[in-house]
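Residue numbers (UniProt numbering), protein chains in the order written: chain E, 1 to 466; chain A, 1 to 466.
Below is one structure, written out as structure tokens, with a few remarks after it.
Protein chains: 2
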Amino acid sequence: MNMSRTSRPRERLVVIGGDAAGMSAASQARRLKGPDELEIVAFERGHFSSFSACGIPYWVGGDVAGRDELIARTPEEHRARGIDLRMRTEVTEIDVAGGRVRARNVDSGAEEWTSYDKLVIATGARPIRPDLPGADSPGVHGVQTLDDGQALLDALAATKGRRAVVVGAGYIGVEMAEAMINRGYEVTVVNRGSEPMSTLDPDMGRLVHRAMEGLGITMVDNAEVTKILTDDDGGVRAVGTQDAEYPADVVVLGIGVQPETALARDAGLPLGDHGGLLTDLAMRVRGHENIWAGGDCVEVLDLVSGRERHIPLGTHANKHGQVIGTNVGGGYATFPGVVGTAVSKVCDLEIARTGLREKDARRAGLRYETVTIESTSRAGYYPNAALMTVKMLAERRTGRLLGVQIVGREGAAKRVDVAAVALTARMTVEEMTALDLGYAPPFSPVWDPILVAARKATAAVRRNAG
Amino acid sequence: MNMSRTSRPRERLVVIGGDAAGMSAASQARRLKGPDELEIVAFERGHFSSFSACGIPYWVGGDVAGRDELIARTPEEHRARGIDLRMRTEVTEIDVAGGRVRARNVDSGAEEWTSYDKLVIATGARPIRPDLPGADSPGVHGVQTLDDGQALLDALAATKGRRAVVVGAGYIGVEMAEAMINRGYEVTVVNRGSEPMSTLDPDMGRLVHRAMEGLGITMVDNAEVTKILTDDDGGVRAVGTQDAEYPADVVVLGIGVQPETALARDAGLPLGDHGGLLTDLAMRVRGHENIWAGGDCVEVLDLVSGRERHIPLGTHANKHGQVIGTNVGGGYATFPGVVGTAVSKVCDLEIARTGLREKDARRAGLRYETVTIESTSRAGYYPNAALMTVKMLAERRTGRLLGVQIVGREGAAKRVDVAAVALTARMTVEEMTALDLGYAPPFSPVWDPILVAARKATAAVRRNAG
């Protein structure tokens, strides 16, 4: 038995990218196959492995004490588990026909080809940096990597002024607004859209707008940043839009990311409309038997609209890695898709969404009913019962749940999970009215806010069922 | 058109019971049919209508300022909506063949028959009072009605001693333990079972036991109360068990309730094994075209085990009332059943359960895998990330989710809702591993605790699939 096992030629798995998806895949593959069966080589161009990019705003804001807390597993820990993780080593080419990758040591410049039997692409995403005068100033900060976070913290320590301008009002933008508030800055958020949080419908984004103003944040909507004004020593002075200039001692960019797929594109691998790699349900790159891809560099199936989307989020990346590692390791697992759940907060304001917005539903060719209700996180008579607004979309006639958005205070955001499961199960809003959700006065009104919304949506569907 | 409407003979709906189920039914029927079509007469033997019994522990404990906050709608408010609600009037007989009920004014003793076209039985539940020496002492308190709550508060104000003994360690027992702690009492909980919270498996109940001890509560398990010792002026002195005596200045009973169905039984209506009325999915009493029943006096279908259960809980009562009112009012609605979700807390300890315990699964003839995991409410590095323990049961071979139990701190309990929806949708634990639950560091680890449990349960199911 042992002989036949050791005599089998050892396979090599190459992983490009040392963060969530890549290292989850490597770790899971290692759990299923020992070093005598599978060699694992992983390349990471940065200084850190397996870190929580989602945690950077909380580190910058002071909620998290230090950078190392955001590192789930160091390179040494990966190596101790039998993964040959090569840091500061960037893959510069994938030779699909030859089954090999070329990697360059970022510090020495030395290049080397490494052959693979199986390849995992987990190259992540890169922040969109506006092509503007002044955008490359050292006073302009992204928050994508731990190095970015450290550079921002160093800048804050060195800056005397207390005015921060955050460009962008999506998740990163609002979280960075909170971080800068927590650091004692006067914060202005400059946003291209009509409201912050364009992942919500504008009526719900309006609630976020008002709440952020209530936190003392200056909200500038419908603003196109045209330039970043710098002073003589390279620091920033202001952010200029088509209409005005907003004085700034520090500028934070939170305008989103796009899939980092230049390597994959050059290798002729299939990309989707959003620039992400396209995979099958086992996270295998379409048309390629021995190449998998996961994390922020892939597109995922939206189970509600039936279309591909790009959703850079650590929780998906970890799931992808788990699925890939299982399949690479000889097991079987799939990633069926997403329903588009996201939660966030700005100070004590909680924001959540899942499924389709109105414009997504229209784009998918769906007719829908929409209802909006107000309710509370606890029984109305219980201390600290916090108001929340829940918007629900249901398909016209069938009543199938299409989406939920929530804006509220403590206890609001994670209620969206109920809707996420209901979307996955393709429940109707009427079915949802009977859901047996946990009730006790400290945890919910006798009708949970999700049930209140489902009841109202059911009434709307029935009214227009004719 | 108007003529034919007004010339139709007006129907009379009689409702027995003026609390959640009964008055929800009456209100919903009234929304659908005006007073010219439907006369509604409701009888309530107590002093209050539509109150939150679940809120009583928080009123007693001081979290809720006053009794009136627990009243959702007063008799006057119901009457203003066209419901002839007769307070302090107890129905003493249902004459099914004659289509009428006999009601007695509690104060005057006057009796009267009232005929009905449609009848709703919402007689609720009554607390189990042990048949013990001393159990009728004025120092022994139930907490079922607002009058009970007021009597307990009056007793606390009059009592100098600070020792409270709570008999029973189910939801009411643990909530009353918290209430008495909040009132500054030394609390002893005397419990017949091997652990508190017998709605959990004993291993999870053990965690509650330890946490309650950590709150300074004296926990006495495996204890059968044999007597309540009183002093000469009728006050309590101690609670006696088979083994010991526990000094007490006040005794609170939290040993559960049973369906209040004597009226229904006497009328020949069908009762189940737990003593509750049996209904169809439209909440109509089985075999009776014009009688509905809902709330704490009925048995409900457990969708996981396929068996009837008795679950007295305000949230079900409200849903029943809504369904009954819709059907009585000429619409159509059903109550498909429950999955057995319940949440509770003792100070900062949160407790939740849904679906089957191990013994429920065995009783239902199911083989199962069980896993238990520890995780946190937030990303591990985020402030106030609180530990929680999640136990998950899955059916052997099929992997279908059977139940989830959670014991933890802030942010633990309502996570059970995800499992409640998954149970309703008959998901497998493997399907659950892919659920798109909300992730951001302040709200969840990158793998939500429910997903961590689902992953481990999936592994257990796969391991034993052969």
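Idealized CB from N, CA, C, for every residue including glycine.
Here the structure is a predicted model, which means the values were calculated and not measured.
Less than 7 Å between C-beta atoms, sequence neighbours within five positions excluded: which residues of the same chain meet that for residue i?
i, result
"alanine 465/E", "Arg397"
"threonine 428/E", "Thr398, Gly399, Arg400, Leu401"
"isoleucine 71/E", "Phe48, Ser50, Phe51"
"alanine 438/E", "Reading off the sequence shown, one finds glycine at residue 438/E, where the question assumed alanine. Result list for glycine 438/E: Ser444, in chain order."
"threonine 159/A", "Asp249, Val250"
Look at the Cβ atom of residue i, then the Cβ atom of residue j, and state whether they are nearer than 8 Å.
i, j, result
"aspartate 436/A", "threonine 199/E", "no"
"alanine 434/A", "glycine 295/A", "no"
"alanine 413/A", "lysine 345/A", "yes"
"leucine 277/A", "alanine 262/A", "no"
"glycine 306/E", "glycine 355/E", "no"
"arginine 81/E", "serine 27/E", "yes"
"lysine 118/E", "asparagine 318/E", "no"
"valine 120/A", "leucine 271/A", "no"
"valine 300/A", "valine 339/A", "no"
"lysine 33/A", "glycine 134/A", "no"
"valine 452/E", "alanine 379/E", "no"
"arginine 183/E", "leucine 207/E", "no"
"glycine 18/A", "cysteine 297/A", "no"
"residue 467/E", "valine 187/E", "Any property of residue 467/E remains undetermined from this structure, which presents chain E solely from 1 to 466."
"methionine 432/A", "alanine 422/A", "yes"
"valine 416/E", "threonine 341/E", "yes"
Given that a residue counts as buried once 16 or more other Cβ atoms are within 10 Å of its Cβ, and exposed if not, what is residue i?
i, result
"arginine 10/A", "exposed"
"alanine 394/E", "buried"
"tryptophan 59/E", "buried"
"aspartate 360/A", "buried"
"alanine 42/E", "buried"
"alanine 65/A", "exposed"
"glutamine 242/E", "exposed"
"aspartate 280/E", "exposed"
"tryptophan 113/A", "exposed"
"tyrosine 332/A", "exposed"
"serine 375/A", "buried"
"aspartate 448/A", "buried"
"arginine 363/A", "exposed"
"serine 115/E", "exposed"
"serine 194/A", "exposed"
"arginine 237/A", "buried"
"proline 383/E", "exposed"
Please report the residue range of the alpha helix (DSSP H) in which residue i lies.
i, result
"glutamine 150/A", "146 to 158"
"arginine 265/E", "262 to 266"
"tyrosine 116/A", "From DSSP, tyrosine 116/A is part of no alpha helix (DSSP H); its letter is neither H nor E."
"tyrosine 176/A", "It should be pointed out that residue 176/A corresponds to methionine in this sequence rather than to tyrosine. Start and end: 171 to 182."
"methionine 212/A", "202 to 214"
"isoleucine 373/E", "Careful: isoleucine 373/E lies outside any alpha helix (DSSP H), inside the beta strand (DSSP E) at 368 to 376."
"arginine 363/E", "358 to 363"
Can you name, in chain order, every residue of its own chain whose Cβ lies under 8 Å from the Cβ of residue i, other than the five neighbours on each side?
i, result
"glycine 256/A", "Pro127, Ile128, Gly168, Gly170, Ile172"
"arginine 409/E", "Asp348, Leu349, Glu350, Ser377, Ala386, Leu387, Met388"
"asparagine 327/E", "Ala282, Met283, Arg284, Trp292, Ala333"
"aspartate 266/E", "Glu93, Ile94"
"aspartate 84/A", "Glu39, Ile40, Val41, Ala42"
"methionine 132/A", "Here residue 132/A turns out to be leucine, not methionine, going by the sequence shown. Hits under 8 Å: Val225, Thr226, Lys227, Ile228."
At which residues does the beta strand (DSSP E) containing residue i begin and terminate?
i, result
"alanine 103/A", "100 to 105"
"glutamate 93/E", "89 to 95"
"valine 225/E", "225 to 230"
"threonine 315/E", "Counting along the chain, threonine 315/E falls outside any beta strand (DSSP E), though it belongs to the alpha helix (DSSP H) covering 314 to 328."
"glycine 351/A", "Checking the sequence shown, residue 351/A turns out to be isoleucine, not glycine. Looking at the DSSP string, the run of the beta strand (DSSP E) that includes isoleucine 351/A is 349 to 355."
"leucine 85/E", "84 to 86"
"isoleucine 16/A", "11 to 16"
Measure from the C-beta of residue i to each C-beta in chain D and report whether the shortest distance is under 8 Å.
i, result
"lysine 227/E", "No chain D appears in this structure, whose protein chains are E and A."
In chain order, what residues of the same chain have a beta carbon less than 6 Å from the beta carbon of residue i, not counting five sequence neighbours either side?
i, result
"valine 252/A", "His141, Val166, Met176"
"asparagine 105/E", "Thr89"
"arginine 455/E", "Thr433"
Checklist entry - Can you give, in chain order, each stretch of the alpha helix (DSSP H) that sits fully within the region 380 to 459 of chain E and has at least 4 residues? => result 416 to 424, 429 to 433
Checklist entry - Quick one: complete alpha helix (DSSP H) runs, 4+ long, within the region 31 to 74 of chain E? => result For the region 31 to 74 of chain E, the continuous alpha helix (DSSP H) assignments of 4+ residues that do not extend past its boundaries occur at 56 to 61, in sequence order.
Item to check | Secondary structure, alpha helix (DSSP H): runs of 4+ residues fully inside the region 239 to 316 of chain E | outcome: 262 to 266
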